[in-house]
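For reference, the structure is listed below as structure tokens.
In full-length UniProt numbering, the protein residues as written are 1 to 219.
Below, the structure written as structure tokens:
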């Protein structure tokens, strides 16, 4: 499954699709999941800056938006970070609010089981063309080729976690492998931070057989 970007032609409909998918996934869960999904939808709708791809809203303002106290905001934002639905880009402090981005890859991965219940048109917009039963999964980008350790890791992710591969790993460029430490270069500091925080352990697990025991990710 490739990630449908929320920019460019058709982006507006995909944003609505994402909000619908979050709502459907929340409604399929218990009361706590439903509240969390609703709060995220309201927060995205009211305060997410799509042009800059960021959320920079203070806890007091979020509390008013959700009709809760700031302690509840703190707890719920922590849950959203733990799920990977929001990614902390800049810690708040000294008169400035924390800055977040959407964990788009994780959101799509977590809501994907509920897309069919919404309708085939949404599935078509959020994914590539459907894969016929009995055929291998089709990923609409070049497959990693080669026998070096990093390429073998990419091949593993492309087969088992194509959303993560297409969104976060495919853009990384490997540097030298020295003493079991692999150097990776990301297109931005945020990209490097996300991979380090959310994917480093999985990359190391996939690379252990190839002699990779440590990572250095720079952006």
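Backbone N, C-alpha and C fix where the C-beta goes; we use that ideal spot for every residue, glycine too. Note that this is a predicted model, so its numbers are computed, not measured.
Going by C-alpha distance, which of the options is nearest residue i?
i	options	result
residue 161	105, 216, 118	105
residue 36	202, 80, 93	80
residue 117	22, 214, 211	22
residue 233	183, 149, 75, 202	Absent from the model: residue 233. The displayed extent of the chain is 1 to 219, so no value can be given.
residue 89	188, 210, 202	188
residue 42	19, 182, 28	19
residue 202	67, 150, 13, 178	150
residue 93	86, 59, 190	59
residue 209	97, 148, 175, 38	148
residue 166	155, 212, 82	155
residue 82	97, 110, 61, 119	110
residue 52	30, 99, 91, 65	99
residue 61	204, 120, 30, 97	97
residue 190	86, 204, 120, 119	86
What distance in whole Å lies between the Cβ atoms of residue j and residue i, which are believed to be in contact at a cut-off of 8 Å?
i	j	result
residue 169	residue 157	5 Å
residue 108	residue 195	Not confirmed; about 17 Å, so no contact.
residue 206	residue 153	5 Å
residue 84	residue 198	6 Å
Within 10 Å of its beta-carbon, does residue i have 16 or more other beta-carbons around it, so buried, or fewer, so exposed?
i	result
residue 186	buried
residue 216	exposed
residue 214	exposed
residue 180	exposed
residue 25	buried
residue 159	exposed
residue 95	exposed
residue 57	buried
residue 102	buried
residue 45	exposed
residue 67	exposed
Skipping 5 residues on each side, what residues in its chain have a beta carbon closer than 8 Å to that of residue i?
i	result
residue 63	69, 70, 72, 73
residue 114	21, 24, 25, 28
residue 32	none
residue 204	212, 213, 214, 215
residue 91	98
residue 38	23, 26
Can you list, in chain order, the residues of its chain whose CB lies under 7 Å from that of residue i, leaving out five sequence neighbours each side?
i	result
residue 17	122, 125, 126
residue 192	186, 217, 218, 219
residue 134	The predicted position of residue 134 is uncertain, since its pLDDT is 47 and thus under 50; a value taken from the coordinates is nonetheless stated next. Excluding residues within five positions, none has a Cβ falling inside 7 Å.
residue 47	55, 57
residue 211	149, 180
residue 34	26, 27
Taking 8 Å as the cut-off, is the C-beta of residue i nearer than that to any heavy atom in the ligand ADP?
i	result
residue 163	This structure does not include the ligand ADP; it has no bound ligands of any sort.
Taking 6 Å as the limit between beta carbons, can you name the residues of its chain near residue i, skipping five residues before and five after?
i	result
residue 200	215
residue 177	none
residue 13	none
residue 112	none
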